[in-house]
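> Quick one: this structure, given as structure tokens, is what I'll be asking you about.
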Amino acid sequence: MQKSSKSVTNVAAAVAALLAMGAVTASGTAQAADTEKCAGIAAAGKNDCGTPTHACAGNAKTDRDAHDWVQVPKGTCAKIAGGVVTNDPANKHGGSMAK
14 MQKSSKSVTN VAAAVAALLA MGAVTASGTA QAADTEKCAG IAAAGKNDCG TPTHACAGNA
74 KTDRDAHDWV QVPKGTCAKI AGGVVTNDPA NKHGGSMAK
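Per the numbering used here, residue 14 is the first one in the sequence shown, and the count goes up by one each step.
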């Protein structure tokens, strides 16, 4: 049975996509362990996710709002003026509106 180059290309693309998804999942887990949420340093529109005042990333209205946060490497937040490590449960996708 002869395989067409199109089917070989499609199979190769599917395998590459699966491998990439696995790498993203693995790096997301490693990233979470090596980072911390740092509040009070995000620029307007540059926050990483929800807060008690809004639901999603990119919704920060002002620079350096105390609730808005960005993910930084562990140990970095304390070195940034105004940075405070936060574990507020509202700091997630959907903010305080998520269940």
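No residue lacks a Cβ here, since even glycine has one placed at the ideal position from N, Cα and C. Values in this document were obtained by computation on a predicted structure and should not be read as measured data.
Is D81 near N60, with beta carbons less than 8 Å apart?
In the sequence shown, the residue the question calls residue 81 occupies position 68. In the sequence shown, the residue the question calls residue 60 occupies position 47. Pairing D81 with N60 gives a Cβ-Cβ distance under 8 Å.
> If you scan the segment 59-107 from start to end, which runs of the alpha helix (DSSP H) of 4 or more residues do you find wholly inside it?
none
> As a quick exercise: from I93, V83, G95 and D76, pick the residue whose alpha carbon is nearest that of G63.
Taking the first residue of the sequence shown as position 1, residue 63 is located at position 50. Answer by Cα proximity: V83.
> Specify the secondary structure class of A46 as computed by DSSP and reduced to three states.
Along the sequence shown, read from residue 1 onward, the residue named residue 46 stands at position 33. Reduced to three states, the DSSP call for A46 is helix.
> Find the nearest neighbour of G96 within the set D76, P102 and G108, judged by alpha-carbon distance.
Numbered from 1 along the sequence shown, position 83 holds the residue referred to as residue 96. The closest CA to that of G96, considering only D76, P102 and G108, is found on D76.
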